[in-house]
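Asks: To start, I am sharing the structure in question, which I have written as structure tokens.
Residue numbers (the working numbering), protein chains in the order written: chain A, 1 to 480; chain B, 1001 to 1081.
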């Protein structure tokens, strides 16, 4: 069930009420049952996938407890990764792999009929596979103990607020909280509700409203050009931020209702002054995962020993972001997207000192975030375009003048009201994100006098009710 | 190597990496205390520390450092081996 669905509106209060009514010792199993129910609401068969990943990684953890020999320990970690990534590969990448092999053979003139399977990508699989692989690696690094209780561990893997699109949690953060004794904290719960409301605002009032303008352009590129492309590109960068950070806020807010604090996943990324720094504030749970479990092992690998620090950093960076691109989608356009992200960061590295100086000046403070946003939005075209040739078509026609008359008539010129609302919504978002760098905005609002607080709360709810997009649109990141 | 010598050398390294001669670290110093000490600079810093003390950290250790004190403990261990 989607977060913005009637089913969830029933599910959440029921689970919440049961959770705080039952004695502490039943809470974990309640979370487990609720989370599996939540997952099965998409497809009952999904339960086998998450059980498989849970059982394999649980056993790997217990084996690592006993096995002290270095080589065997590496084997257990590798085995777990192969099994879990193998499952992910099968569901997510098999067709892409098969088609690419076919295309490669064909380009050499060899007739080859690759098999493609009719597979649906199970929701959330990209997320909980990474979470469990991290657990096993953490245990092998002795950064945490292997979990003995299968119920506790299974609840950690399937915890429904973060199950389908993250944040990808760390063992050391989530597992102890699942296990701990919880007491109802009114402040924490109400903070959670407020955060959820803010997440819904970003998703329903901004992301879903911008989405049609983006889709219209990208679905039929030749019907548009020039400024249409520019607008679609900017709108998409905003859409994906609001969609995904909105989802994360709802997930984190929901978890707070159960006394659990998940990690921050976005931290005003578009205010950052370089692509490198942006990645420290965007999809933080994923980028820190890739840093700790791919980038650092690469930098410190035996293969890297002969190279200079700069070379090790650059190569590891590109490999890591290529992998990140591939994680985002089974397609060459995603891989190119990742590769470009890695490349830009490598190019930014030598510019670090001048950028640091520029950041201290007013001109730098204004221009660097503009550079970052534009660069990020440009690269995102590869992410959104249906394939690579579409992306190239886009760039070839980006400067083709002022766009098509049709587009202008049907969008900007005819409807001033939606655009005024969009601009106002974005202004509110920008103020919130800028303020967030200095203080916790929700906590600040909560500390004002009662009439100021309620002005904000009711104002926000009414704004969402009035201006949300119609229909139950999916979250962009659900396809991962 | 004594703790004083260690921290003297560490101060040097930090000052060079972050381009700031006013930095002085103590066991409780964390990334929050030093502007620009983000995860990227962390890697540069670790490389500089390894270089300065002629030691090598393991991946599991690098990921785990919560403050300068933890880093210093491992350095002492490695250097006095």
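Backbone N, C-alpha and C define an ideal beta-carbon position, used for all residues, glycine too.
Just so it is clear, the structure is predicted and the values come from calculations on it, not from any experiment.
1) Given residue 192 (chain A), which residues of its chain have a CB within under 6 Å of its CB, disregarding the five upstream and five downstream residues?
2) Please report the straight-line C-alpha distance between residue 414 (chain A) and residue 186 (chain A), rounded to a whole angstrom.
3) Which ranges would you report for the alpha helix (DSSP H) in the region 303-350 of chain A if only whole runs of at least 4 residues count?
4) Taking a cut of 8 Å between CB atoms, which residues from the region 271-289 of chain A lie near chain B?
5) At 4 residues or longer, and completely inside the region 1034-1078 of chain B: list those alpha helix (DSSP H) runs for me, N to C.
6) Select from the region 1054-1076 of chain B all residues with a C-beta closer than 9 Å to any C-beta belonging to chain A, and list them in chain order.
7) My assumption, with CB atoms under 8 Å, is that residue 365 (chain A) sits in contact with residue 357 (chain A). Please give the rounded CB distance.
8) So for residue 111 (chain A), helix, strand or coil by DSSP?
9) Give the C-beta separation of residue 395 (chain A) and residue 333 (chain A) to the nearest angstrom, bearing in mind that I take them to be a contact with Cβ-Cβ under 8 Å.
10) Is the Cβ of residue 344 (chain A) closer than 8 Å to any Cβ of chain B?
11) Starting from the Cα of residue 436 (chain A), find the closest Cα among A:303, A:318 and A:268 and give me that residue.
12) Can you look up residue 448 (chain A) in the DSSP assignment and give me helix, strand or coil?
13) Compute the beta-carbon to beta-carbon distance between residue 199 (chain A) and residue 247 (chain A), rounded to the nearest angstrom, for a pair I have assumed lies under 8 Å.
14) Would you report the Cα separation of residue 451 (chain A) and residue 28 (chain A), rounded to the nearest angstrom?
15) Using a cut-off of 8 Å between C-beta atoms, extract the partners of residue 356 (chain A) located in chain B.
16) Within 10 angstroms of the Cβ of residue 302 (chain A), are there 16 or more other Cβ atoms? Answer buried if so, exposed if not.
17) Note the first and the last residue of the continuous alpha helix (DSSP H) segment covering residue 30 (chain A).
18) At what residue ranges does the region 173-231 of chain A contain a whole run of the alpha helix (DSSP H), taking only runs of 4 or more?
19) May I have the straight-line CA-CA distance separating residue 370 (chain A) from residue 272 (chain A), to the nearest angstrom?
20) Where do the ends of the alpha helix (DSSP H) carrying residue 362 (chain A) lie?
21) Between residue 414 (chain A) and chain B, is there a C-beta pair that is closer than 8 Å?
22) Going by CA-CA distance only, name the one from A:79, A:260 and A:82 that's closest to residue 181 (chain A).
23) Here's the rule: buried if 16 or more other CB atoms are within 10 angstroms of the residue's CB, otherwise exposed. What is residue 171 (chain A)?
24) Between the region 143-174 of chain A and chain B, which residues of the former have CB atoms less than 7 Å from a CB of the latter, in chain order?
25) Measure how close the beta-carbons of residue 379 (chain A) and residue 340 (chain A) come, nearest whole angstrom, since I'm counting them as under 8 Å.
26) Output, in sequence order along the chain, the residues in the region 358-370 of chain A whose CB is closer than 9 Å to any CB in chain B.
27) Near residue 16 (chain A), which residues of its chain fall below 6 Å by C-beta distance, leaving aside the five closest residues on each side in sequence?
28) Among A:458, A:58 and A:263, which has the Cα closest to the Cα of residue 149 (chain A)?
29) From this set, A:90, A:421, A:10 and A:47, which residue's C-alpha is nearest residue 207 (chain A)'s C-alpha?
30) Could you give the distance in angstroms between the alpha-carbon of residue 1063 (chain B) and the alpha-carbon of residue 400 (chain A)?
31) If we cut at 8 Å on Cβ distances, does residue 297 (chain A) have a partner in chain B?
32) Just reading off the alpha helix (DSSP H) that residue 1015 (chain B) is part of, what are its end residues?
33) Taking Cβ to Cβ, would you say residue 323 (chain A) is nearer than 8 Å to residue 92 (chain A)?
34) Once DSSP output is grouped into helix, strand and coil, what is the label at residue 387 (chain A)?
35) Let me make sure I understand the geometry here. Which of A:43, A:432 and A:164 has the alpha-carbon closest to that of residue 126 (chain A)?
36) Taking the alpha helix (DSSP H) that residue 74 (chain A) falls in, what are its first and last residues?
Replies: Reading from the atomic positions:
1) One-based indexing of the first chain puts residue 192 (chain A) at position 192. The answer, listed in chain order, is 253, 256 and 257.
2) On the first chain, position 414 is the one that residue 414 (chain A) refers to. On the first chain, position 186 is the one that residue 186 (chain A) refers to. Per-residue confidence for residue 414 (chain A) stands at a pLDDT of 45, beneath the threshold of 50, marking its modelled position as unreliable; no derived number is given.
3) Counting only runs of 4 or more, we get 309-328 and 332-348.
4) Close to chain B, meaning a Cβ-Cβ distance shorter than 8 Å, are the following residues of the region 271-289 of chain A: 276, 277, 280 and 288.
5) Counting only runs of 4+ residues, the alpha helix (DSSP H) found wholly inside the region 1034-1078 of chain B occupies 1039-1053 and 1059-1064, in chain order.
6) Within the region 1054-1076 of chain B, the qualifying residues are 1056, 1057, 1058, 1059, 1060, 1061, 1062, 1063 and 1064.
7) Start at 1 with the first residue of the first chain, and residue 365 (chain A) comes out as number 365. Start at 1 with the first residue of the first chain, and residue 357 (chain A) comes out as number 357. In this structure, residue 365 (chain A) and residue 357 (chain A) do not form a Cβ contact; the two beta carbons are roughly 12 Å apart against a cut-off of 8 Å.
8) Here the question's residue 111 (chain A) lines up with position 111 in the first chain. In this structure, residue 111 (chain A) counts as coil in the three-state DSSP scheme.
9) Here residue 395 (chain A) refers to the residue found at position 395 when the first chain is read from its first residue. Here residue 333 (chain A) refers to the residue found at position 333 when the first chain is read from its first residue. In this structure, residue 395 (chain A) and residue 333 (chain A) do not form a Cβ contact; the two beta carbons are roughly 13 Å apart against a cut-off of 8 Å.
10) Along the first chain, one-based indexing puts residue 344 (chain A) at 344. With 8 Å as the cut-off, residue 344 (chain A) does not count as an interface residue toward chain B.
11) As a first step, residue 436 (chain A) must be located in the first chain, where it is residue number 436. Closest by alpha carbon: A:268.
12) Position 448 of the first chain holds residue 448 (chain A). The answer is coil: DSSP assigns residue 448 (chain A) none of H, G, I, E or B.
13) Residue numbering aside, residue 199 (chain A) sits at position 199 when the first chain is read from its first letter. Residue numbering aside, residue 247 (chain A) sits at position 247 when the first chain is read from its first letter. About 7 Å separates the two Cβ atoms, so the contact holds.
14) Counted from its first residue, the first chain places residue 451 (chain A) at position 451. Counted from its first residue, the first chain places residue 28 (chain A) at position 28. Near 39 Å, if we compare the C-alpha coordinates of residue 28 (chain A) and residue 451 (chain A).
15) As a position in the first chain, residue 356 (chain A) is number 356, starting the count at 1. Within chain B, the residues near residue 356 (chain A) are 1019 and 1036.
16) The residue labelled residue 302 (chain A) in the question sits at position 302 within the first chain. Taking all protein chains in view, the Cβ of residue 302 (chain A) is surrounded by fewer than 16 other Cβ atoms within 10 Å, so the residue is classified as exposed.
17) In the first chain, counting from the first residue as 1, residue 30 (chain A) sits at position 30. For residue 30 (chain A), the enclosing alpha helix (DSSP H) starts and ends at 27-40.
18) Listed in chain order, the alpha helix (DSSP H) elements of length 4 or more contained wholly in the region 173-231 of chain A are 186-200 and 208-219.
19) Your numbering for residue 370 (chain A) matches position 370 in the first chain. Your numbering for residue 272 (chain A) matches position 272 in the first chain. Rounded to whole angstroms, the gap between the alpha carbons of residue 370 (chain A) and residue 272 (chain A) is 9 Å.
20) Within the first chain, residue 362 (chain A) is the residue found at index 362, counting from 1. Residue range 362-384 is occupied by the alpha helix (DSSP H) that includes residue 362 (chain A).
21) Here residue 414 (chain A) refers to the residue found at position 414 of the first chain. Unreliable positioning characterises residue 414 (chain A) in this predicted model, as indicated by a pLDDT of 45, which lies under 50. A coordinate reading is not provided.
22) The residue you call residue 181 (chain A) lines up with position 181 of the first chain. Of the candidates A:79, A:260 and A:82, the one whose C-alpha sits nearest the C-alpha of residue 181 (chain A) is A:260.
23) Here residue 171 (chain A) refers to the residue found at position 171 when the first chain is read from its first residue. Buried is the call here.
24) Answer set for the region 143-174 of chain A: 143.
25) The residue given as residue 379 (chain A) occupies position 379 in the first chain. The residue given as residue 340 (chain A) occupies position 340 in the first chain. Distance from residue 379 (chain A) to residue 340 (chain A) at the Cβ level is roughly 5 Å; contact confirmed, criterion being Cβ atoms closer than 8 Å.
26) Listed in sequence order: no entries.
27) Here residue 16 (chain A) is taken as the residue at index 16 of the first chain, counted from 1. 257, listed in sequence order.
28) Position 149 of the first chain, counted from the first residue, corresponds to residue 149 (chain A). The shortest C-alpha to C-alpha distance from residue 149 (chain A) to any of A:458, A:58 and A:263 is the one to A:58.
29) Position 207 of the first chain, counted from the first residue, corresponds to residue 207 (chain A). Checked all of A:90, A:421, A:10 and A:47; the closest Cα to residue 207 (chain A) is A:421.
30) As a first step, residue 1063 (chain B) must be located in the second chain, where it is residue number 63. As a first step, residue 400 (chain A) must be located in the first chain, where it is residue number 400. Spanning the two alpha carbons is a distance of roughly 48 Å.
31) For this step, residue 297 (chain A) is matched to residue 297 along the first chain. Output row for residue 297 (chain A): interface = yes.
32) In the second chain, the residue the question calls residue 1015 (chain B) occupies position 15. Run containing residue 1015 (chain B): 1003-1018, per the alpha helix (DSSP H) assignment.
33) Walking along the first chain from the start, residue 323 (chain A) turns up at place 323. Walking along the first chain from the start, residue 92 (chain A) turns up at place 92. No.
34) Counted from its first residue, the first chain places residue 387 (chain A) at position 387. Coil, per DSSP.
35) To locate residue 126 (chain A), count along the first chain from 1; it is residue 126. Selected option, being the one with the closest Cα: A:164.
36) If you number the first chain from 1, residue 74 (chain A) lands on position 74. Element bounds for residue 74 (chain A): 70-88.
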